[in-house]
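The structure under discussion appears below in the form of structure tokens.
There are 4 protein chains.
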Amino acid sequence: MSDDHSELRAASALANNMLADAGLVLHAFGNASQADREAGVLAIKPSGIPCAEVTADDMVVVSIEVGDVVWGDKRPSADTPTHRAIYLGLGSVGGVAHTHSFYATAWAQALEPIPCLGTTHADHFRGPVPVTRPLTPDEVEDEYEASTGTVIVEMYGHGALDPEEAPAALVASHGPFTWGGDAAAAAANAAAVELVAGLAAQTLAIAPGRPPIASHLLERHFTRKHGPRAYYGQS
Amino acid sequence: MSDDHSELRAASALANNMLADAGLVLHAFGNASQADREAGVLAIKPSGIPCAEVTADDMVVVSIEVGDVVWGDKRPSADTPTHRAIYLGLGSVGGVAHTHSFYATAWAQALEPIPCLGTTHADHFRGPVPVTRPLTPDEVEDEYEASTGTVIVEMYGHGALDPEEAPAALVASHGPFTWGGDAAAAAANAAAVELVAGLAAQTLAIAPGRPPIASHLLERHFTRKHGPRAYYGQS
Amino acid sequence: MSDDHSELRAASALANNMLADAGLVLHAFGNASQADREAGVLAIKPSGIPCAEVTADDMVVVSIEVGDVVWGDKRPSADTPTHRAIYLGLGSVGGVAHTHSFYATAWAQALEPIPCLGTTHADHFRGPVPVTRPLTPDEVEDEYEASTGTVIVEMYGHGALDPEEAPAALVASHGPFTWGGDAAAAAANAAAVELVAGLAAQTLAIAPGRPPIASHLLERHFTRKHGPRAYYGQS
Amino acid sequence: MSDDHSELRAASALANNMLADAGLVLHAFGNASQADREAGVLAIKPSGIPCAEVTADDMVVVSIEVGDVVWGDKRPSADTPTHRAIYLGLGSVGGVAHTHSFYATAWAQALEPIPCLGTTHADHFRGPVPVTRPLTPDEVEDEYEASTGTVIVEMYGHGALDPEEAPAALVASHGPFTWGGDAAAAAANAAAVELVAGLAAQTLAIAPGRPPIASHLLERHFTRKHGPRAYYGQS
Numbered sequence: 001m002s003d004d005h006s007e008l009r010a011a012s013a014l015a016n017n018m019l020a021d022a023g024l025v026l027h028a029f030g031n032a033s034q035a036d037r038e039a040g041v042l043a044i045k046p047s048g049i050p051c052a053e054v055t056a057d058d059m060v061v062v063s064i065e066v067g068d069v070v071w072g073d074k075r076p077s078a079d080t081p082t083h084r085a086i087y088l089g090l091g092s093v094g095g096v097a098h099t100h101s102f103y104a105t106a107w108a109q110a111l112e113p114i115p116c117l118g119t120t121h122a123d124h125f126r127g128p129v130p131v132t133r134p135l136t137p138d139e140v141e142d143e144y145e146a147s148t149g150t151v152i153v154e155m156y157g158h159g160a161l162d163p164e165e166a167p168a169a170l171v172a173s174h175g176p177f178t179w180g181g182d183a184a185a186a187a188a189n190a191a192a193v194e195l196v197a198g199l200a201a202q203t204l205a206i207a208p209g210r211p212p213i214a215s216h217l218l219e220r221h222f223t224r225k226h227g228p229r230a231y232y233g234q235s
Numbered sequence: 001m002s003d004d005h006s007e008l009r010a011a012s013a014l015a016n017n018m019l020a021d022a023g024l025v026l027h028a029f030g031n032a033s034q035a036d037r038e039a040g041v042l043a044i045k046p047s048g049i050p051c052a053e054v055t056a057d058d059m060v061v062v063s064i065e066v067g068d069v070v071w072g073d074k075r076p077s078a079d080t081p082t083h084r085a086i087y088l089g090l091g092s093v094g095g096v097a098h099t100h101s102f103y104a105t106a107w108a109q110a111l112e113p114i115p116c117l118g119t120t121h122a123d124h125f126r127g128p129v130p131v132t133r134p135l136t137p138d139e140v141e142d143e144y145e146a147s148t149g150t151v152i153v154e155m156y157g158h159g160a161l162d163p164e165e166a167p168a169a170l171v172a173s174h175g176p177f178t179w180g181g182d183a184a185a186a187a188a189n190a191a192a193v194e195l196v197a198g199l200a201a202q203t204l205a206i207a208p209g210r211p212p213i214a215s216h217l218l219e220r221h222f223t224r225k226h227g228p229r230a231y232y233g234q235s
Numbered sequence: 001m002s003d004d005h006s007e008l009r010a011a012s013a014l015a016n017n018m019l020a021d022a023g024l025v026l027h028a029f030g031n032a033s034q035a036d037r038e039a040g041v042l043a044i045k046p047s048g049i050p051c052a053e054v055t056a057d058d059m060v061v062v063s064i065e066v067g068d069v070v071w072g073d074k075r076p077s078a079d080t081p082t083h084r085a086i087y088l089g090l091g092s093v094g095g096v097a098h099t100h101s102f103y104a105t106a107w108a109q110a111l112e113p114i115p116c117l118g119t120t121h122a123d124h125f126r127g128p129v130p131v132t133r134p135l136t137p138d139e140v141e142d143e144y145e146a147s148t149g150t151v152i153v154e155m156y157g158h159g160a161l162d163p164e165e166a167p168a169a170l171v172a173s174h175g176p177f178t179w180g181g182d183a184a185a186a187a188a189n190a191a192a193v194e195l196v197a198g199l200a201a202q203t204l205a206i207a208p209g210r211p212p213i214a215s216h217l218l219e220r221h222f223t224r225k226h227g228p229r230a231y232y233g234q235s
Numbered sequence: 001m002s003d004d005h006s007e008l009r010a011a012s013a014l015a016n017n018m019l020a021d022a023g024l025v026l027h028a029f030g031n032a033s034q035a036d037r038e039a040g041v042l043a044i045k046p047s048g049i050p051c052a053e054v055t056a057d058d059m060v061v062v063s064i065e066v067g068d069v070v071w072g073d074k075r076p077s078a079d080t081p082t083h084r085a086i087y088l089g090l091g092s093v094g095g096v097a098h099t100h101s102f103y104a105t106a107w108a109q110a111l112e113p114i115p116c117l118g119t120t121h122a123d124h125f126r127g128p129v130p131v132t133r134p135l136t137p138d139e140v141e142d143e144y145e146a147s148t149g150t151v152i153v154e155m156y157g158h159g160a161l162d163p164e165e166a167p168a169a170l171v172a173s174h175g176p177f178t179w180g181g182d183a184a185a186a187a188a189n190a191a192a193v194e195l196v197a198g199l200a201a202q203t204l205a206i207a208p209g210r211p212p213i214a215s216h217l218l219e220r221h222f223t224r225k226h227g228p229r230a231y232y233g234q235s
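Respectively, the protein sequence lines represent chains A, B, C and D. This note's numbering applies: residue 1 is where the first sequence begins, and numbers increase by one. This note's numbering applies: residue 1 is where the second sequence begins, and numbers increase by one. This note's numbering applies: residue 1 is where the third sequence begins, and numbers increase by one. This note's numbering applies: residue 1 is where the fourth sequence begins, and numbers increase by one.
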């Protein structure tokens, strides 16, 4: 294969740097990848290397379908099978990010979805940020990282959730995974989920039991930024 | 119109930068504007552009009364009708700021006014920071952003609240809007409302149900900084 | 008077800068002073000027006994009478600092002393950080700032508290005042009181009702750093 | 002794700097050391010097067994006997760090172990981070700092805890001590214990009483990073 995937690796490396710059990742506790659907590959951070430091040359290019390394001399992130499962299960996804960011991880550890309590949340996610079911002992023992992706994909499988409208999920007892059209969009969603996770926790600390935002307000805010009726931004 | 409103745009851009520098705005989740009452216009941040990056040349000048763009090649903030409604409804306002800052947004999502629990608050706001009533489904559907400004103005309409003495309001399920003589003053009030929102939340976490500050202490602190009896500062 | 108090002003300005650098003061919401007991004066921050920006040339030198300005062309901090009352009432104090730092102010607004829950606290303060009684309406109306100092001094007046062993007090509904041998020591105590205020709040959030540290451990930690049996540090 | 322990001192100084850079230590409220088991010495921060500022030349080299200074002209950290007790009691330890970091200290003051609520924790510690029993009045009076190390070592003495699998302990009413193969590893564990302490506190604030992570998930995460079955990182 003559392609060295240099653009893909650069975009993926930059998103990993963004996660660190935004304070979402301490040391190497997170990772981002970007997919090239046509080539059937993803570029992901190598295992154990801090997000703040990775460059395009450090990245590892992996086959989405099979999982073998097609470019790079480092071992890919231990979470690579999770990324692959998300790309395989959610066809519209072009980039994936995973962090252990403070508030989003706390909600994941609490085993609770992040409720949509305001317009900041509705601007990004059309409803609560869902939390996966716990993995079974067998799923943890056998193909643990792939199973982590499978339980995310499960939630989107019956049409109950649209991955473009809910581009973030909490893995139970673990932390947030986010996605988007590319790795930068996935990283931006990682920042958004951390912000709304913090706002929700603080809101309920002030007013325990406060119910979610009214559905008409949620809809208005989501659709002014996303979809055919959007009128936010410059394009 | 030969005026390019360069001073107005510069002042407004700087206030947007201040919101980002103060950590009150992530990415583009906020905006500031400044009005030129004589010219009947306001200069506001363009939609979707990060507050940290906007320059005077990015700003959009809009007619306060009608809402049409009179200078600039970008689309103005989606929240422009909210700013216009505030300028139209509160005659003394020269600048407006809107953020999704952490603690102030949490109070807005909690649907509760920020109680005045100490002198830090009384130095800036003569009483609780009020929260608007929820918008009706019709108001959300029809002229949503203008209605957001209208429910703010409503609270000041019967003389119950003086916009110069309470230059901040929480929009229910949304976040804080602040104002002042110019955009910089509005941005400074955005920082003040975030500080007192955090102090109030932390105070009630330590001592649930603690009542507000004594009224004589509130009055003394507000009037030592504001109005004819003020003796704070250098002028 | 030919003395321009240049060393005193420089030391005081530096302590004001330290308060800002340590994140204890937003804008101008705090102040530090240093006394020259022999000359009978203190140097304090001018009113309304941000702590981060003040230089020795901005400082105002004021007579401790009478309160008149003996050097400087600016108006001294509105809190100058509080500083004077502390110097007049607590003879060993050489520097005073006042902030609205987050956690210490929350305890002050909660009207509760900061309990001594661990060795970090015991290293700095020999027991709880006390909170003043509320000021009466008359005290607030008449000589408000001087009364603020008086209620602090009151707590140390009957030998119940030693100002060198408890160099910090919370003014009810207001915030912390700290002191020390000079302005830098007062500023260091402002940082220490903020740290222990945060630790105490977080400890009680984890374990509500947790009782104070054992008295033998409190004593050991305080006396290893302070007094004749101290063995901490290089001197 | 002709050896000036320059490498040992440099490694130890760097770890002290790391503690400050990571925001785990304010001023001089913490310390790190590294041991040279062959030479029978440790290099530790001098007492009262800020962690951010120490250089290799400031460090003090002390005999692990006897405690006398074998290199350096400064007084070693007051906590040196605690470090010595840890090296003497836990044979595999090559570096020790002590901080008063915010969340870990709050758990220590709460007298509660940090429960393992998620994979972030399981990646670093194979179970809860334990808290020591309180010291007796006699232990505090007599050889206080050595006793502080002894009560840590006690917890690992009966095989209930493996110091390599649980390289962090909370000293009751005091704060965290961590260790590792060298001082840098100890400092990295100080950052990890602070992160998981914060996540646990925030998780329980959202969901009081949430039970620990499932044991199969804990085991999988710990063993993918540590021990013979590890497959995380580049080596």
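Using N, Cα and C, we set each Cβ at its ideal position, and we do this for glycine too. Keep in mind it's a predicted model, so treat the numbers as computed, not measured.
Since I believe residue j is in contact with residue i (beta carbons under 8 Å), could you give me their beta-carbon distance rounded to a whole number of angstroms?
i      : j      : result
D:P176 : D:V153 : Contact flag wrong, Cβ pair sits at about 15 Å.
C:H200 : C:L117 : Contrary to the premise, residue 200 of chain C reads as Ala rather than His in this sequence. About 5 Å; that satisfies the 8 Å criterion.
D:A15  : D:A184 : 5 Å
B:G40  : B:E65  : 6 Å
A:S77  : A:V70  : About 15 Å; that fails the 8 Å criterion.
One question on the structure: do residue i and residue j come within less than 8 Å of each other, judged by their Cβ atoms?
i      : j      : result
A:A56  : A:A97  : no
B:T119 : B:H216 : no
A:D52  : A:A20  : With the sequence shown as reference, residue 52 of chain A is identified as Ala, and Asp is not the correct amino acid for it. Yes; because the gap between Cβ atoms is below 8 Å, this pair is in contact.
B:L161 : A:A191 : no
B:A186 : B:G95  : yes
A:S173 : A:Q234 : no
B:P163 : B:S92  : yes
D:V129 : D:A169 : yes
Expressed to the nearest angstrom, what Euclidean distance is found between the alpha-carbon atoms of residue i and residue j?
i      : j      : result
B:D253 : B:S6   : This structure does not reach residue 253 of chain B, given that chain B is present from 1 up to 235, and the question cannot be answered.
C:M1   : B:D123 : For C:M1, the predicted structure reports a pLDDT of 47, less than 50, and the residue's modelled location is therefore unreliable. The matter cannot be settled from this model.
C:P115 : C:V171 : 15 Å
B:I213 : C:W107 : 13 Å
D:P113 : B:S33  : 50 Å
A:T178 : D:L195 : 21 Å
D:L218 : B:N17  : 45 Å
D:Y87  : D:T148 : 13 Å
A:G23  : A:T99  : 10 Å
A:V54  : A:K45  : 7 Å
A:N31  : A:R75  : 13 Å
A:I49  : B:Y103 : 34 Å
A:T82  : A:E143 : 10 Å
C:L8   : C:K225 : 27 Å
A:L135 : D:V131 : 30 Å
D:A207 : A:G127 : 20 Å
Restricting to runs no shorter than 3 residues, where is the beta strand (DSSP E) found entirely within the stretch 30-102 of chain D?
30-36, 41-44, 60-63, 69-71 and 95-99
Proximal residues, the stretch 200-218 of chain B versus chain C, C-beta separation under 7 Å:
Q202, T203, A205, I206, A207, R210, I213, A214, H216 and L217
Please identify, using Cβ separations under 8 Å, the residues of the stretch 183-195 of chain D that lie next to chain A, in order along the chain.
A188, A191 and L195
Of all the residues that make up the stretch 97-130 of chain D, which are near chain C by a beta-carbon distance shorter than 8 Å?
H100, F102, Y103, T105, A106, W107, A108, Q109, A110, L111 and E112
Can you pull out the residues from the stretch 72-92 of chain C whose beta carbon lies closer than 8 Å to at least one beta carbon of chain B?
K74, R75 and A78
Report the residue ranges of all alpha helix (DSSP H) runs contained in full by the stretch 88-176 of chain B; include only those spanning at least 4 residues, in chain order.
102-109, 119-122, 137-141 and 144-156
At a Cβ cut of 9 Å, what residues of the stretch 40-53 of chain B count as close to chain A, listed as they run along the chain?
P46, S47, G48 and I49
Please identify, using Cβ separations under 9 Å, the residues of the stretch 19-43 of chain B that lie next to chain A, in order along the chain.
Only L26, H27, A28 and F29 from the stretch 19-43 of chain B bring a Cβ to less than 9 Å from some Cβ of chain A.
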